[in-house]
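Student: Take any residue in the sequence shown, note its place counting from 1, add 526, and you have its number in our numbering.
We put the CB at the ideal spot given by N, CA and C, even for glycine.
Pasting a structure here, questions to come.
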Amino acid sequence: MLLFGVRHVSRTGLPRCMVGRLHRNMTSLPSHYTIPSTGHRIPAIALGVWQAKPNEVGEAVKTALKAGYRHIDGAWIYRNEAEVGQALRDSGVPREDVWITSKLWNTFHAPEDIEPTLDDSLAKLGTEYLDMYLIHWPVAKKDGQPYDKDLTENPYPTWQKLEEMVEKGKVRNIGVSNFNIRRLENLTANPLKIKPAVNQVEISYWVPQVELLKWAKENDLLLEAYSPLGSTGRVGDTLAVPEVKEIAQELGMTPAQVVISWHIQRGTVVLPKSVTPSRVVENLQVRALPPALFDKLEEAATSHKPYPRLNPSKGWGLDFDIFD
Ligand SMILES: NC(=O)c1ccc[n+]([C@@H]2O[C@H](COP(=O)([O-])OP(=O)(O)OC[C@H]3O[C@@H](n4cnc5c(N)ncnc54)[C@H](OP(=O)(O)O)[C@@H]3O)[C@@H](O)[C@H]2O)c1
């Protein structure tokens, strides 16, 4: 099978003006993107570790690093940072060669709560700094309490504290996750010292996020695609999409490789999760789809009926929809 891992393809980050654009004519996929606000180079593929259980997440991280991944997408709430950190140290890969992302949980948005929870993540991961720290969800809510309306609607005080964490050297880049366009515009209407580096959102065949992708391109914001294979509940459906299967057959790739390649070709970072060693390796072997095949998959993904996305609003007892 003639496939190329991202580490073997062009190492040039995308020019600022191309971030978020659909790259139908690419002949090779970028291994990294350049973050417009800092110029830092972020690897295009990460191993996602949500729902990676104890005693399996560490092995997955070690398999990934051995296979060539240099980007781990984690979060404080995944409750596996200590095992991830141990695996990073055991791997022997120098700390500065790996991009580590963690996320600020909803209960810690008050400025005084941020540095202690960040320090907890740093201690568990066994590192002095994070490459990226994201506001995990646009909801400020302590357990058992109503949500903080002011801080949820305008998270500027949270953001200012995150900027301070950058100044202190504990974090290199800050960004957001699960923000819609309205929330991005609200946040960036404040006099930010540092613009959000990324917005990490659900993007998949089922939730292609065409409008957000267009907005991100126009506003120089990099998107990260979470649940890129459709997440546990829909991965089987994604890999069985006729267009995905046909393209895989034609190019001698697996369906998962076709989907992951398509994400990068759309201009987003992609975060597939797997704890299965063969799949961890498989998911890194990507290549650009020929324009006609890219267009075929893009057309299929953007023309089916809308599918519900991950939305915890009700489960968290909120009286509003997070995505409104
Ligand atoms: N910011 C947020 O709010 C947020 C929300 C959700 C997710 N995320 C991030 O995004 C990452 C990925 O999202 P996700 O875990 O929801 O979904 P996903 O990566 O789309 O799907 C993961 C599922 O696909 C399976 N899988 C992986 N590679 C496969 C392959 N090559 N062939 C067949 N099956 C394969 C995995 O199984 P095995 O593991 O058993 O191999 C697992 O069941 C998370 O780990 C997390 O880092 C962020």
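1) Near Leu-763, what residues of its chain come up, given a Cβ to Cβ distance below 7 Å and the 5 sequence neighbours on each side ignored?
2) For Val-796, which residues of its own chain have a beta-carbon under 8 Å away from its beta-carbon, when the five flanking residues on both sides are left out?
3) Compare the C-alpha of Gly-695 against each of Phe-820, Met-658, Gly-584 and Asn-632 and name the closest.
4) Output needed for Ala-826: all residues of its chain with C-beta closer than 6 Å, excluding positions within five of it in sequence on either side, in chain order.
5) Could you check whether the Cβ of Trp-625 sits closer than 7 Å to any heavy atom belonging to ligand 1?
6) Measuring only the C-alpha atoms, how far is Lys-831 from Leu-823?
7) Against chain B, with Cβ distances strictly below 8 Å, would Val-692 count as a contact?
8) Just the Cα atoms here: how many angstroms apart are Leu-710 and Val-624?
9) Kindly list the residues whose CB is nearer than 6 Å to the CB of Val-697, restricted to its own chain and excluding five residues on each side of it in sequence; keep chain order.
10) Look up Trp-842 in the DSSP assignment and say whether it is helix, strand or coil.
11) Please report the distance separating the alpha-carbon of Lys-675 from that of Ala-666.
12) Relative to the C-alpha of Ile-661, which residue among Ala-649, Asn-745, Asn-706 and Glu-622 is closest?
13) Answer yes if the stretch 590-597 comes into contact with the stretch 622-637, meaning at least three C-beta pairs across the two stretches below 8 Å, and no otherwise.
14) Enumerate, from N- to C-terminal direction, the unbroken beta strand (DSSP E) stretches of 3 or more residues contained entirely within the stretch 585-650.
15) Return the CA-CA distance between Lys-721 and Leu-548, expressed in angstroms with no decimal places.
16) Looking at the unbroken alpha helix (DSSP H) that takes in Glu-759, where does it start and where does it end?
17) If distances are taken between C-alpha atoms only, which option among Tyr-682, Asn-716, Val-727 and Pro-683 comes closest to Asn-704?
18) What's the C-alpha gap between Ile-700 and Trp-576?
19) Let me check you understand the geometry: is the CB of His-662 closer than 7 Å to at least one non-hydrogen atom of ligand 1?
20) Would you kindly work out how many angstroms separate the C-alpha atoms of Glu-689 and Tyr-682, rounded to a whole number?
21) Can you tell me where the beta strand (DSSP E) with Glu-498 in it begins and where it stops?
22) Relative to ligand 1, is the shortest distance from any of its heavy atoms to the C-beta of Ser-800 smaller than 7 Å?
23) The beta strand (DSSP E) with His-558 in it runs from where to where?
24) Mind checking whether the beta-carbon of Val-761 lies closer than 7 Å to any heavy atom of ligand 2?
25) Tell me whether Gly-600 is buried or exposed, calling it buried when 16 or more other Cβ atoms sit within 10 Å of its Cβ.
26) Once DSSP output is grouped into helix, strand and coil, what is the label at Pro-683?
27) From the DSSP secondary-structure annotation, give me the bridge partner or partners of Leu-573.
28) Taking C-alpha atoms, which residue in Glu-641, Ser-557 and Arg-567 lies nearest to Ala-723?
29) In angstroms with no decimal places, state the Cα-to-Cα distance between Pro-838 and Phe-849.
30) Just to confirm, does Glu-693 get its C-beta within under 7 Å of one of the non-hydrogen atoms of ligand 1?
31) Determine the contact status of Gly-611 and Leu-651, defining contact as a CB-CB distance below 8 Å.
32) Mind checking Asn-809: buried by the 16 CB within 10 Å criterion, or exposed?
33) Here's the rule: buried if 16 or more other CB atoms are within 10 angstroms of the residue's CB, otherwise exposed. What is Ala-818?
34) Looking only at its chain, what residues have a beta carbon closer than 7 Å to the beta carbon of Tyr-604, apart from the 5 residues adjacent to it on each side?
35) Residues in its own chain within less than 7 Å of Pro-781 by CB, not counting five upstream and five downstream?
Tutor: A quick look at the data gives this:
1) Position 237 of the sequence shown, counting from 1, holds the residue named residue 763. Per the sequence presented here, residue 763 reads as Asp, with Leu not at that position. Closer than 7 Å at the Cβ level, and outside the excluded window around Asp-763, lie Gly-756.
2) The residue labelled residue 796 in the question sits at position 270 within the sequence shown. Once the five neighbours on either side are set aside, the close Cβ partners of Val-796 are Ala-570, Ile-571, Ala-572, Glu-750, Ala-751, Pro-754, Ile-786, His-789 and Ile-790.
3) Counting from one through the sequence shown, the residue named residue 695 turns up at place 169. Gly-695 has its Cα closest to that of Met-658, out of Phe-820, Met-658, Gly-584 and Asn-632.
4) The sequence position of residue 826 within the sequence shown is 300, counting from 1. Closer than 6 Å at Cβ, skipping near neighbours: Glu-769.
5) Taking the sequence shown and counting its residues from 1, one reaches residue 625 at position 99. Incorrect: Trp-625 has no Cβ contact closer than 7 Å to ligand 1.
6) One-based indexing of the sequence shown puts residue 831 at position 305. One-based indexing of the sequence shown puts residue 823 at position 297. Taking the straight line from one Cα to the other gives about 15 Å.
7) No chain B is part of this structure, which consists of one protein chain only.
8) Working through the sequence shown from its first residue, we reach residue 710 at position 184. Working through the sequence shown from its first residue, we reach residue 624 at position 98. Their backbone Cα atoms lie some 28 Å apart in a straight line.
9) Working through the sequence shown from its first residue, we reach residue 697 at position 171. Counting only Cβ-Cβ distances below 6 Å, and skipping sequence neighbours, we find Leu-656, Tyr-659 and Met-691.
10) Within the sequence shown, the letter at position 316 stands for residue 842. Correct three-state label for Trp-842: coil.
11) Locating residue 675 in the sequence shown gives position 149, where the first residue counts as 1. Locating residue 666 in the sequence shown gives position 140, where the first residue counts as 1. So the alpha carbons of these two residues sit roughly 8 Å apart.
12) The residue you call residue 661 lines up with position 135 of the sequence shown. With distances taken between Cα atoms, Ile-661 lies closest to Asn-706.
13) yes
14) 597-599 and 625-630
15) Along the sequence shown, one-based indexing puts residue 721 at 195. Along the sequence shown, one-based indexing puts residue 548 at 22. The alpha-carbon atoms of Lys-721 and Leu-548 are separated by roughly 23 Å.
16) Taking the first residue of the sequence shown as position 1, residue 759 is located at position 233. Position check: residue 759 holds Gly in this sequence, whereas Glu was assumed. Start and end: 757-765.
17) Within the sequence shown, the letter at position 178 stands for residue 704. The option with the nearest alpha carbon to Asn-704 is Val-727.
18) For the purposes of this step, residue 700 is taken as the residue at position 174 of the sequence shown. For the purposes of this step, residue 576 is taken as the residue at position 50 of the sequence shown. Between Ile-700 and Trp-576, the C-alpha separation is close to 20 Å.
19) Taking the sequence shown and counting its residues from 1, the one referred to as residue 662 is at position 136. True, at least one ligand heavy atom lies under 7 Å from that Cβ.
20) Position 163 of the sequence shown, counted from the first residue, corresponds to residue 689. Position 156 of the sequence shown, counted from the first residue, corresponds to residue 682. Their backbone Cα atoms lie some 10 Å apart in a straight line.
21) Past the boundaries of the shown model lies residue 498; the chain is included only from 527 to 850, so the question cannot be answered.
22) Locating residue 800 in the sequence shown gives position 274, where the first residue counts as 1. Yes, Cβ of Ser-800 sits closer than 7 Å to a heavy atom of ligand 1.
23) Numbered from 1 along the sequence shown, position 32 holds the residue referred to as residue 558. Where His-558 is concerned, the enclosing beta strand (DSSP E) stretches over 558-560.
24) The model depicted lacks ligand 2 and carries ligand 1 instead.
25) As a first step, residue 600 must be located in the sequence shown, where it is residue number 74. Classification for Gly-600: buried.
26) Taking the sequence shown and counting its residues from 1, the one referred to as residue 683 is at position 157. Three-state DSSP puts Pro-683 in a helix.
27) Position 47 of the sequence shown, counted from the start, is the residue given in the question as residue 573. According to DSSP, which records beta bridges pairwise, Leu-573 is partnered with Ile-598.
28) Taking the sequence shown and counting its residues from 1, one reaches residue 723 at position 197. Comparing Cα-Cα distances from Ala-723 to each of Glu-641, Ser-557 and Arg-567, the minimum goes to Arg-567.
29) For the purposes of this step, residue 838 is identified with residue 312 of the sequence shown, where counting begins at 1. For the purposes of this step, residue 849 is identified with residue 323 of the sequence shown, where counting begins at 1. Their backbone Cα atoms lie some 10 Å apart in a straight line.
30) Within the sequence shown, the letter at position 167 stands for residue 693. Every heavy atom of ligand 1 is 7 Å or more from the Cβ of Glu-693, so no.
31) As a working note, residue 611 is residue 85 in the sequence shown. As a working note, residue 651 is residue 125 in the sequence shown. Yes, Cβ-Cβ distance for Gly-611 and Leu-651 is below 8 Å.
32) To locate residue 809, count along the sequence shown from 1; it is residue 283. It is buried - the Cβ of Asn-809 has at least 16 other Cβ atoms within 10 Å.
33) Counting from one through the sequence shown, the residue named residue 818 turns up at place 292. When all chains shown are included, Ala-818 counts as exposed.
34) Working through the sequence shown from its first residue, we reach residue 604 at position 78. Only Val-575 and Trp-576 meet the Cβ criterion.
35) If you number the sequence shown from 1, residue 781 lands on position 255. Same-chain partners within the cutoff: Leu-765, Val-770, Lys-771 and Ala-774.
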